[in-house]
Amino acid sequence: MDHQVQATDKDHSFWEREDVYLKSLFLLGHSLSILDLSLDLFVSETSIRRDLEKLDMQLADYNCQLIRYNGFVSLEGDELACRHFFRNRLIEKYAEQLNSHQSDGLLAFFFDQENVEGIIKAVQEASDLYAYTISEQYRIYLILDLLIATRRYQQGYLLRPQPLPIGQDMALFGVYPFAGDLLSYSLNRPVDTLLPEEVKQLSLTILSVGYESFPSENQQFVQLTKQLIERVGQLSGLDLSHDTDLVKMISNYLRPMIYRLKNGINIANQTTEEIKKRYSILFHVVWLASKVLSDQYQLELLDAEIAFLTIYFEIAVEKLENPLTIVIVCPHGLATSELIISSLRRLISHYDHLVTVDLSELDSSVARQADILISSIQLKDFPLPYVLVSPVLTNDELDNIQKLYLDLTKGNRKVLSIVHDDYDAKQALLKDLIKHEVYLHQALTSQEDCLRFLAQHAFSENRDNPGYLTSIIQREKMGSTSVYTGIALPHANPEMVGRSQLSLLTLKEPVIWGKNRVKVVMLISIKKVKRSYIKRLWCTFIAKLIMKPSLTV
Numbered sequence: 022m023d024h025q026v027q028a029t030d031k032d033h034s035f036w037e038r039e040d041v042y043l044k045s046l047f048l049l050g051h052s053l054s055i056l057d058l059s060l061d062l063f064v065s066e067t068s069i070r071r072d073l074e075k076l077d078m079q080l081a082d083y084n085c086q087l088i089r090y091n092g093f094v095s096l097e098g099d100e101l102a103c104r105h106f107f108r109n110r111l112i113e114k115y116a117e118q119l120n121s122h123q124s125d126g127l128l129a130f131f132f133d134q135e136n137v138e139g140i141i142k143a144v145q146e147a148s149d150l151y152a153y154t155i156s157e158q159y160r161i162y163l164i165l166d167l168l169i170a171t172r173r174y175q176q177g178y179l180l181r182p183q184p185l186p187i188g189q190d191m192a193l194f195g196v197y198p199f200a201g202d203l204l205s206y207s208l209n210r211p212v213d214t215l216l217p218e219e220v221k222q223l224s225l226t227i228l229s230v231g232y233e234s235f236p237s238e239n240q241q242f243v244q245l246t247k248q249l250i251e252r253v254g255q256l257s258g259l260d261l262s263h264d265t266d267l268v269k270m271i272s273n274y275l276r277p278m279i280y281r282l283k284n285g286i287n288i289a290n291q292t293t294e295e296i297k298k299r300y301s302i303l304f305h306v307v308w309l310a311s312k313v314l315s316d317q318y319q320l321e322l323l324d325a326e327i328a329f330l331t332i333y334f335e336i337a338v339e340k341l342e343n344p345l346t347i348v349i350v351c352p353h354g355l356a357t358s359e360l361i362i363s364s365l366r367r368l369i370s371h372y373d374h375l376v377t378v379d380l381s382e383l384d385s386s387v388a389r390q391a392d393i394l395i396s397s398i399q400l401k402d403f404p405l406p407y408v409l410v411s412p413v414l415t416n417d418e419l420d421n422i423q424k425l426y427l428d429l430t431k432g433n434r435k436v437l438s439i440v441h442d443d444y445d446a447k448q449a450l451l452k453d454l455i456k457h458e459v460y461l462h463q464a465l466t467s468q469e470d471c472l473r474f475l476a477q478h479a480f481s482e483n484r485d486n487p488g489y490l491t492s493i494i495q496r497e498k499m500g501s502t503s504v505y506t507g508i509a510l511p512h513a514n515p516e517m518v519g520r521s522q523l524s525l526l527t528l529k530e531p532v533i534w535g536k537n538r539v540k541v542v543m544l545i546s547i548k549k550v551k552r553s554y555i556k557r558l559w560c561t562f563i564a565k566l567i568m569k570p571s572l573t574v
């Protein structure tokens, strides 16, 4: 079929005219003049109105509608629903053409030919970069969603902000960087300026069409990945070295990550900030471990990149001991379920998943696979057990749910607590920070001897910098760092520190350090850092050391 509207052709069926309506309403953002349509398509205004009534009936299934005013008609409805209708209508009408090599002409009618070619190329190049294979059969769905999202975004029609389901769908965040790069290319906008809702929706498309990640052929990436996993294991006490999926995900992620870092591309946005907040402890473990990557490429890893590396490790950790999924049936809108969720959040761990489903979705896989299913109404003929509660949970109902929850979680929290428990994480991180830099019962006789000894035994990244020792001595001249408990806490200028470390020295005999006699010296060498968690960690440790000078953390 020729999609160019010919003025000489006076016999347009609704099937053919519909494409003109769809393009104008969904892609051009026009309010359509019924009179102009009648003149352009050589049919009566009555025929145009009948056409629009047919289109309106189709839109009703998506809770969208056509608004008529003073001889004009425009589209109204939820943005995501509008996009889904347009995509599904094109596939419904032209499935055979779209799934064959005849799709170019069809797409060119609705979209700019150059844009079509650019997006097809972008999908291929991004797939190669991330080592993803997308089925040819379903690739057209991804291309259509990209084309539609791009055009609607450019017209100013944006998706409504919605809470990102961090923790509910870890797979979504596994493909989030891939989706971000695709959308960034399509819109010609930096990744960090994209709306998270747009990237999330494209991520869902990628998951729905399906993709396969094939192992990286770059052995350097594979080796670096194994080193990173080993380092995270040392810091967390978890053995993830046998997780082949983790090796594959991270080694495939490294190539686009390094490309972005070398080209100054920052993918930070609301999503990466939420990941940092929700998985704060694991994020900082990965941050410390990522030195194996930054050393190799002489690149400073950005927080956003570490956030997505954290997601891959979180997926691996959750595979060791699966979190529970607690589903709340939502019969009367969000209000009732929100009351229940608010009460449950005080009972359950933050790494278990609270999910709401509509009553109409009760037969979905989510509801049927729930560890605990909770409903405020009777579920007739539902074959699985569920907990019936009041819209406002009573104390007895809370006790019942808590007992059920504790029965399910008994003995099932040891692994997850390692990377989610603040105390355990602090112990691991501090032990790594001090590492082997402990020198006991040294026969040194002066403050300067102690400083030079510790500087000479520091990491090469520190001791090879002449300004390192100089900054330590200059700090002491500004004021003694000793305290009355017999401890000195000298520290280097963060600008002179190449690698963070703590060095501990004990003396056979006390030395005079300012106004105090000192027998324990802790040299603090902390690279300039903005992470409040790490700062709090160091402050907590030093405060304990001052109050009780022992070698235990």
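The sequence shown maps to residues 22 to 574 in the numbering used here. Ideal Cβ positions, reconstructed from N, Cα and C, are used throughout, including at glycine. Treat the numbers as computed from the prediction; the structure is a model and nothing was measured.
With a minimum length of 4 residues, the unbroken runs of alpha helix (DSSP H) contained wholly in the segment 308-390 fall at 312-318, 324-341, 355-365, 386-389. Judged by DSSP in its simplified three-state form, N537 adopts strand.
Beta-bridge analysis with DSSP links V504 to I508.
For K549, the closest C-alpha among the options L528, V542, E516, K540 is that of E516. Of the residues assessed, M499 falls on the exposed side of the cut-off, its CB having fewer than 16 other CB atoms within 10 angstroms. Per DSSP, T415 lies in no beta strand (DSSP E) segment and is marked neither H nor E. For E458, the secondary structure class from DSSP, reduced to helix, strand or coil, is coil. Rounded to the nearest angstrom, the Cβ distance from I361 to L409 is 12 angstroms, too far for a contact under 8 angstroms. For I155, the uninterrupted beta strand (DSSP E) segment begins and ends at 153-155. Non-local beta-carbon contacts of L228 in its own chain, meaning distances under 7 angstroms to residues more than five positions away in sequence, involve A192, L193, V196 in chain order. In its own chain, leaving out the 5 sequence neighbours on each side, no residue places its CB closer than 7 angstroms to the CB of Q240. Bridge pairing for F93: S54, Y90 [DSSP]. For I286 against V212, the beta-carbon gap comes to about 6 angstroms, under 8 angstroms, which counts as contact. For D166, the closest of Y153, L128, E135, G177 by C-alpha to C-alpha distance is L128.
Here the alpha carbons of N290 and Q495 stand approximately 40 angstroms from one another. Taking 9 angstroms as the cut-off, the Cβ atoms of L43 and L111 count as close. Comparing alpha carbon positions, the residue from M543, L427, D373 closest to L461 is M543.
L259 sits in coil when the DSSP states are folded into three classes, being neither helix nor strand. Contact between the segment 170-177 and the segment 236-250 is absent: fewer than three C-beta pairs spanning the two stretches fall below 8 angstroms.
For the pair S59 and G201, the Cα-to-Cα distance works out to about 42 angstroms. Exclusion of the five residues before and after L345 leaves I369, D373, H374, D392, I393, Y426, L429, T430 as the residues of its chain whose Cβ lies within less than 8 angstroms of its Cβ. Counting other Cβ atoms within 10 Å of its Cβ, V459 stays below 16 and is therefore classed as exposed. Counting only the Cα atoms, T265 lies some 12 angstroms from F334. Here I271 carries a helix assignment [DSSP, helix/strand/coil]. T226 sits close to Y162, with the two beta carbons spaced by under 9 angstroms. Out of Y318, Q222, Q319, A328, the CA that lies nearest to the CA of I302 is found in A328.
Within 10 angstroms of the beta-carbon of W36 lie fewer than 16 other beta-carbons, which makes it exposed. In this chain, the alpha helix (DSSP H) harbouring Y206 covers 197-208. Spanning the alpha carbons of S397 and D99 requires a straight line of approximately 28 angstroms.
Rounded to whole angstroms, the gap between the alpha carbons of H305 and N483 is 22 angstroms.
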